[in-house]
Amino acid sequence: MKKIISLIILLVVFSQSVFSSEKPIYIGDLIRLKISGDTSEKEIKNSFKDFEIEKIENIDGNYIIEFRSFNTGINKIKIGNKIIKIDVKTSLNKFKNKDVIENSLDNQNIKKPIPVTILLYISVLFLIILIIAYIVYRIIKRKKDKKMSPKEYFELILKNKSSKNSLEVWSFALKKYLEKKFNVNIFDKTQKETELELGKYDFFQNIREDILKWLEVAYNYKYQNISSDETEKEIMLNELKDIIDKLEKINIIQNGGKNV
6 MKKIISLIIL LVVFSQSVFS SEKPIYIGDL IRLKISGDTS EKEIKNSFKD FEIEKIENID
66 GNYIIEFRSF NTGINKIKIG NKIIKIDVKT SLNKFKNKDV IENSLDNQNI KKPIPVTILL
126 YISVLFLIIL IIAYIVYRII KRKKDKKMSP KEYFELILKN KSSKNSLEVW SFALKKYLEK
186 KFNVNIFDKT QKETELELGK YDFFQNIRED ILKWLEVAYN YKYQNISSDE TEKEIMLNEL
246 KDIIDKLEKI NIIQNGGKNV
């Protein structure tokens, strides 16, 4: 069963607030937001341009948006004069060991309680260590993301457990690769708009039909309730990897033997 995280954002003029979800949200989870206030669908799309938008609806003057995030850590979204923070965790967090081990103590081994002041000092020290560790983690992650090539980013998405046998996630990975590698944005575009966008670039000439065909099949599985077995999904995954390999070769040829 798909996991859906629901949040409600009320946009009030001249006020600013920060919202954060208390529910655990994992990479690739479907998140639903209800947005009320003076805004438009265009503004909402612009606010969520870094996410995979699944659906936007206007119901009784309120916008309902469903989207996914594939960037771990704190994701900030500005809607009007509101800022929401969504902490996206890796799927590994789902499988942390939650077993409780209880120790039995004899009355003779019971020691005097630790003074409150010592506990306070320990808590403050622990908090400082956590803050420093988080800052170091963010710095390392930022440097790592900058060094990661488009293909490496593509492969990272495919390796994530939440992307297993998921045509939706694979489609996002392909679109993100095209955006990072060739600066071509086909997010939130119809099949016809995608065809026109790819047609603007000569280097897609020999691979454009393969990309369009793959996206069309993925679209049919997603929106026309066409079922697919594991064999068909494996074929789709292999075809997608083949498209990426061809694009890498085209890029090398276009850049005189250099993969940039």
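Using this note's numbering, the first residue of the sequence shown is number 6, and each one after it goes up by one. Where is the CB? At the ideal position from N, CA and C, for every residue including glycine.
Would you mind giving the Cβ-Cβ distance between Ile30 and Lys94, rounded to the nearest angstrom? I have them listed as a contact below 8 Å.
Walking along the sequence shown from the start, residue 30 turns up at place 25. Walking along the sequence shown from the start, residue 94 turns up at place 89. Their Cβ separation, rounded to whole angstroms, is 7 Å, which keeps Ile30 and Lys94 in contact under 8 Å.
So the beta strand (DSSP E) Ile36 belongs to, where does it begin and stop? In the sequence shown, residue 36 corresponds to position 31, counting from 1. Its beta strand (DSSP E) spans residues 35-41.
Candidates Gly33, Asp247, Gly78, Tyr224: which alpha carbon is nearest Arg143's?
As a position in the sequence shown, residue 143 is number 138, starting the count at 1. Comparing Cα-Cα distances from Arg143 to each of Gly33, Asp247, Gly78, Tyr224, the minimum goes to Gly78.
When DSSP builds the beta bridges, which residues end up paired with Arg73? Taking the sequence shown and counting its residues from 1, one reaches residue 73 at position 68. Leu35, Glu57.
| message | Three or more C-beta pairs under 8 Å: does that hold for the stretch 208-227 against the stretch 239-247? | response | A contact exists between the stretch 208-227 and the stretch 239-247.
message = Check for me: the alpha helix (DSSP H) holding Asn256 runs from which residue to which?
response = One-based indexing of the sequence shown puts residue 256 at position 251. It spans 235-259 - the alpha helix (DSSP H) in which Asn256 sits, taken as one unbroken run.
Quick check: the Cα distance between Asn51 and Glu173, rounded to an integer number of angstroms? One-based indexing of the sequence shown puts residue 51 at position 46. One-based indexing of the sequence shown puts residue 173 at position 168. Distance between the alpha carbons of Asn51 and Glu173: 21 Å.
Confirm the yes/no value for this check: CB of Tyr226, any heavy atom of the ligand ZN, distance under 7 Å. Absence of the ligand ZN from the depicted structure is noted, as is the absence of any ligand whatsoever, leaving it without description.
Buried/exposed call for Thr199, threshold 16 Cβ in 10 Å: Mapped onto the sequence shown, residue 199 falls at position 194. Buried is the call here.
Exercise. Who are the Cβ neighbours of Ser176 in its own chain at under 6 Å, not counting the five residues just before and after it?
Worked result: The count along the sequence shown starts at 1 and reaches residue 176 at position 171. Exclusion of the five residues before and after Ser176 leaves Ala223 as the residues of its chain whose Cβ lies within less than 6 Å of its Cβ.
Just to confirm, are Glu59 and Leu35 a CB contact at a threshold of 8 Å? Numbered from its first residue, the sequence shown carries residue 59 at position 54. Numbered from its first residue, the sequence shown carries residue 35 at position 30. Going by C-beta atoms, Glu59 is nearer than 8 Å to Leu35.
**Study point:** Residues near Leu203 in its chain [Cβ-Cβ closer than 8 Å; skip 5 each side]
**Key:** Counting from 1 along the sequence shown, the entry for residue 203 is found at position 198. Here the set comprises Val189, Ile191, Phe209, Arg213, Ile216, Leu217.
Notebook entry, point to check: Does the Cβ of Ile183 have 16 or more other Cβ atoms within 10 Å, making it buried, or fewer, making it exposed?
Noted result: Residue mapping note: residue 183 aligns to position 178 of the sequence shown, counting from 1. Inspection of the sequence shows that residue 183 is occupied by Leu rather than by Ile. Result: buried.
For Asn80, three-class secondary structure by DSSP:
One-based indexing of the sequence shown puts residue 80 at position 75. Strand, per DSSP.
Requested in this report: Go ahead and label Leu135 buried or exposed: buried means 16 or more other beta carbons lie within 10 angstroms of its beta carbon, across all protein chains shown.
Outcome: By 1-based counting over the sequence shown, the position of residue 135 is 130. The C-beta of Leu135 has fewer than 16 other C-beta atoms within 10 Å across all chains shown, which makes the residue exposed.
When the Cα atoms are used, what is the spatial distance from Lys181 to Lys54? Within the sequence shown, the letter at position 176 stands for residue 181. Within the sequence shown, the letter at position 49 stands for residue 54. Straight-line Cα distance between these residues: approximately 12 Å.
Cβ separation of Lys185 and Tyr206, assumed to be a contact under 8 Å, to the nearest whole Å
Stepping through the sequence shown from its first residue, residue 185 is reached at position 180. Stepping through the sequence shown from its first residue, residue 206 is reached at position 201. Wrong, their Cβ atoms sit about 15 Å apart, outside the cutoff.
*asked:* Does Arg147 pass the burial test, meaning 16 or more other C-beta atoms within 10 Å, or should it be called exposed?
replied: Along the sequence shown, one-based indexing puts residue 147 at 142. Arg147 counts as exposed, since fewer than 16 other C-beta atoms from the protein chains shown sit within 10 angstroms of its C-beta.
Can you tell me whether Val189 is helix, strand or coil according to DSSP? Position 184 of the sequence shown, counted from the first residue, corresponds to residue 189. It is coil, neither helix nor strand.
| Relative to the C-alpha of Ile88, which residue among Glu239, Ile40, Asn225, Asn76 is closest? | One-based indexing of the sequence shown puts residue 88 at position 83. Of the residues Glu239, Ile40, Asn225, Asn76, the one whose Cα lies closest to the Cα of Ile88 is Ile40.
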